[in-house]
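Everything in the sequence shown is counted per my numbering, starting at -17 for the first residue and increasing by one. Note that beta-carbon positions come from the ideal geometry of N, C-alpha and C, so glycine has one too. Here the structure is a predicted model, which means the values were calculated and not measured.
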Amino acid sequence: MELSGTMTKVRGLISKAESLETIGDEHSMNEAVALRAKANDLMDRYGLEEWQLLKDAPTGFKPTRIKVDIGEAGSPFLGETSTLVNVVAKFCKCSSVWMKNSGYKNVREEYCYVYGYESDLRYFELLFTTIYLHMAETIFPKPDPTLSLGENAYELHNAGLNWFDIAQAYGWAECPSFAGEPKLMYFNKGTGERASWGKSIGRIKSAYAAEIKARGEAALRIPPSGSETFRRNAVTGYLHRINQRLMMITDKRGTGMELVLADKSQNIRAMIDNDFASVKMEKNKQVPFNAAAYRRGVNHANTASLSPEAGSGRRSELS
-17 MELSGTMTKV RGLISKAESL ETIGDEHSMN EAVALRAKAN DLMDRYGLEE
33 WQLLKDAPTG FKPTRIKVDI GEAGSPFLGE TSTLVNVVAK FCKCSSVWMK
83 NSGYKNVREE YCYVYGYESD LRYFELLFTT IYLHMAETIF PKPDPTLSLG
133 ENAYELHNAG LNWFDIAQAY GWAECPSFAG EPKLMYFNKG TGERASWGKS
183 IGRIKSAYAA EIKARGEAAL RIPPSGSETF RRNAVTGYLH RINQRLMMIT
233 DKRGTGMELV LADKSQNIRA MIDNDFASVK MEKNKQVPFN AAAYRRGVNH
283 ANTASLSPEA GSGRRSELS
């Protein structure tokens, strides 16, 4: 069974499952679950055939590793991104190791190593890229060009961005003021425009006030220090729900893979132990719980495509 052909079939099955999930009735949802299980079983059968063909080959059949960039050094969301790597790696029958502080050694990107067998790693790369790009919309939502300023201010503020965050999403950054200008001046990187606080950030805030008045809603207050807290809660909700969705597929896996998985897992564990004498668990930074943000992340995860998108561009390299 050729891997590229297998991936095409897997993507087709999951794409059909997602179409059925948008219908939402019980019959469609049950059929979608069955299609996802079939897609996962297809990958399992490919892995079984691959393992049986190569495990006794003269050169041996050994796992390898790839390096996956997870964000710029110092990003507050490195822990969450490494968690996503771990969740997807586990689903794809791989294992991951976060090389914490790797981004501080003359390189911008921190990275994880993901260990596994070739077919599993290729499946991981495709699936991780698809989900990572979707998760980024929870962390760094962007203005929708089809919406008004007020509608975008409403959506982005509810996504956890404060006024300065929203202004940055629109391209505004604080800059020195010239003679005769107000003390607080901002420059728009996209348009080249210079404007005072009132005509940049203040304009966004006013548009939001008008929007919630029209909707009959109370203002959502996010202090400057609370923006990151809101987004971290949203990402936590996202990660938990994505893990649940992948676990649902895992639970549908067929029998007969236990010995293969055990053998693969043992070999992967041995390779990690050989590369790293000690690997410790790293807990993400604890933040105050925000139910609204957490719920937003869960809802966003429910819209995530679990169909791997080939050629979607997330960088990784064999190491």
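Suppose the cutoff is 7 Å on Cβ atoms and the five residues either side in sequence are ignored; what does the same chain contact list for residue i look like?
i, result
"S178", "P164, L166 and M167"
"K124", "A151"
"V269", "T211, R214 and N215"
"A286", "I113, H116 and I224"
"N272", "T211, F212 and N215"
"N249", "K44 and P45"
Where does the unbroken beta strand (DSSP E) through residue i begin, and where does it stop?
i, result
"W179", "No beta strand (DSSP E) contains W179, which DSSP labels as neither H nor E."
In the DSSP output, which residue or residues are listed as bridge partners for residue i?
i, result
"F160", "Per DSSP, none; premise fails for F160."
"A155", "F169"
"R47", "Y97"
"W80", "C94"
"E8", "Its beta-bridge partners do not exist; DSSP assigns none."
"E54", "E91"
Using 10 angstroms around the beta-carbon of residue i, count the other beta-carbons present and answer buried if the total reaches 16, otherwise exposed.
i, result
"R297", "Reliability fails at R297, whose pLDDT of 43 lies under 50, so the model's placement of it is uncertain and the value that follows must be treated cautiously. Classification of R297: exposed, given that the 10 Å Cβ count is below 16."
"L129", "exposed"
"F106", "buried"
"L288", "buried"
"L109", "buried"
"A283", "buried"
"F258", "exposed"
"K195", "exposed"
"A292", "Summary for A292: the model assigns pLDDT 43, below 50, so the residue's position carries little reliability; its value from the coordinates is reported in the next sentence. Exposed, because fewer than 16 other Cβ atoms sit within 10 Å of the Cβ of A292."
"D147", "buried"
"A200", "exposed"
"K246", "buried"
"E8", "exposed"
"L202", "exposed"
"N68", "buried"
"F160", "exposed"
"G180", "exposed"
"A71", "buried"
"Y99", "buried"
What is the residue span of the alpha helix (DSSP H) that residue i lies within?
i, result
"V217", "G208 to T232"
"F73", "L60 to F73"
"G279", "A273 to A283"
"T134", "Correcting the residue type first, residue 134 is Asn in the shown sequence and not Thr. Start and end: L131 to N140."
Excluding sequence positions up to five away, which residues of its chain have a Cβ less than 6 Å from the Cβ of residue i?
i, result
"G219", "Y276, G279 and V280"
"C74", "D102, Y105 and F106"
"G56", "none"
"I183", "W145 and A149"
Within its chain, find whatever has a CB closer than 8 Å to the CB of residue i; leave out the 5 residues flanking it on each side and keep chain order.
i, result
"R251", "S77"
"M81", "E92, Y93, C94 and Y95"
"R197", "Y136"
"D126", "E133, N134 and E137"
"G153", "N170, K171, G172 and T173"
Practice task
Assess, as a yes-or-no matter, whether the region 207 to 220 is touched by the region 133 to 151 under the definition of 3 or more beta carbon pairs within less than 8 Å.
Solution key: yes
Handout entry: Contact the region 182 to 189 vs the region 108 to 124: 3+ CB pairs below 8 Å
Key = no
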